[in-house]
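Rendered as structure tokens:
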């Protein structure tokens, strides 16, 4: 299981804090993917996304960490890890946008970043940001001394990007021949702070792609990471989404964290399946249940992963499994894995579950087979009587995938009691071998035709 090399048509956005890197990233992407806030160092990981400019497709990387150089030298754990991410982004990039602030002018850190980029021998374009009006364009001339072409731009007002991108895109290699590969499976990794989400993704990628720290809440953006297993037509393509850890509602104490939580919910809704990470040392908690509720409400495929199992001591998997099923009975359909992101134990098995769940959330049933299965289920256990009336099934048909949706035509939907609905679901799952795929029953009244 070896990931492919990073994309070559890649542009990295770098610069010191608060110059507008994430705002430019969002402007080029034409959607708000990176968190934009006036708190320095908001972007800690690099954020990767596919972008299109005048029909030219490329990969865009928003970086954090260059502005944390001084803190990294002073031993700041997160700052040092973020600096590693900048280095990794520059390794991947074919060209670089260096973002500076026209309203402040050249500062020593701008010059230090420029020296770092010259040593990398990558094509660099300076985006002199916050030139919100043409009268501000002259202020951009000061940045010529950094040694790179300079373009005055305004992320706020979308000024100047046509000229900048026209020059920058010429530095990218030609696009590869068009492929007929299917869209990647979007896998969101969610869980409480410090459960090991980023470590889990790094283990799959076999490189330090995401900032990993013992300090809870290191990841604040939802980070998208392309990931491929295999090569050629048989390659399996994924887009891994690392999310910020969700803290209890009462402990969300900054605008950045609140926006991060919104991004977690958005990431879950945009995903095909969710990997829910638990900390083996703490067991399932109320916070885990809150995240699981979001997955259930979004009706996404789900895989449960208990991380740090190498530290669990004498705890038995059966005991933890029972505790998890007791706290989260509504996710009993999800496959459960015990892993160690630190050692790699069990991680490969979770990737196999990706493919298994992906096939199941898109499964289709013929109407004939579906109705035979349901008739057998009703015959083996009749629905309970409700006020002298009993639920009758006339026929059923599948009306959707992702999630699987079955429309059930019955005499009276009010006769469906929760216990029988649960029984139906368990029997249909068993008959079709469904694991990790949500199943939705839609009961509709219909008069039986004579």
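Numbering (this note's numbering), first residue to last: 563 to 1012. Yeah, the Cβ is synthetic: ideal placement off N, Cα and C, and Gly gets one too.
- Beta bridge pairing from DSSP links residue 721 with 716.
- In the displayed model, residue 616 falls within coil according to three-state DSSP, outside both helix and strand.
- Proximity to residue 657 across 665, 729, 984 and 677 peaks at 729, based on C-alpha coordinates.
- Taking 8 Å as the cut-off, the Cβ atoms of residue 975 and residue 1005 count as close.
- Contact annotation: residue 843 and residue 854 have beta-carbon atoms that are not nearer than 8 Å.
- Taking the Cβ atoms as the reference, residue 969 lies roughly 5 Å from residue 961, within the contact range of under 8 Å.
- Contact between residue 754 and residue 841 holds, since their C-beta atoms are separated by about 7 Å, short of 8 Å.
- In this structure, the beta-carbon distance from residue 972 to residue 982 does not fall below 8 Å.
- Pairing residue 694 with residue 660 gives a Cβ-Cβ distance that is not under 8 Å.
- Residue 614 and residue 572 do not touch by the CB rule: their CB atoms are close to 14 Å apart, not below 8 Å.
- Below 8 Å, too few C-beta pairs join the stretch 935 to 955 and the stretch 914 to 925 to call them touching: fewer than three.
- By the neighbour-count definition (other C-beta atoms within 10 Å, threshold 16), residue 669 is an exposed residue.
- Considered as a whole, the stretch 942 to 970 harbours 955 to 962 as its complete beta strand (DSSP E) runs of no fewer than 3 residues, in chain order.
- Excluding five sequence positions before and after residue 894, the CB atoms of its chain that fall closer than 7 Å to its own CB belong to 887, given in chain order.
- Within the same chain, Cβ atoms closer than 7 Å to the Cβ of residue 792 are found at 798, the five residues on either side in sequence being excluded.
- With a contact defined as Cβ atoms closer than 8 Å, residue 715 and residue 706 miss out at about 15 Å.
- About 17 Å separates the Cβ atoms of residue 676 and residue 726, ruling out a contact at the 8 Å cut-off.
- Spanning the alpha carbons of residue 874 and residue 756 requires a straight line of approximately 16 Å.
- Assigned with DSSP and collapsed to three states, residue 900 falls in strand.
- Taking residue 586 as reference, the option from 919, 697 and 722 with the minimal CA-CA separation is 722.
- Of the candidates 985, 745 and 672, 745 places its Cα closest to the Cα of residue 795.
- In this structure, DSSP gives residue 754 a state outside helix and strand, which the three-state scheme calls coil.
- Annotation for residue 908: 871, 899, 900, 901 and 902 place their beta carbon closer than 8 Å to its own, counting only its chain and skipping 5 residues before and after.
- DSSP, reduced to helix, strand and coil, places residue 588 within a helical segment of the structure shown.
- When beta bridges are read from the DSSP output, residue 927 appears opposite no residue.
- Here the alpha carbon of residue 996 sits roughly 24 Å from the alpha carbon of residue 850.
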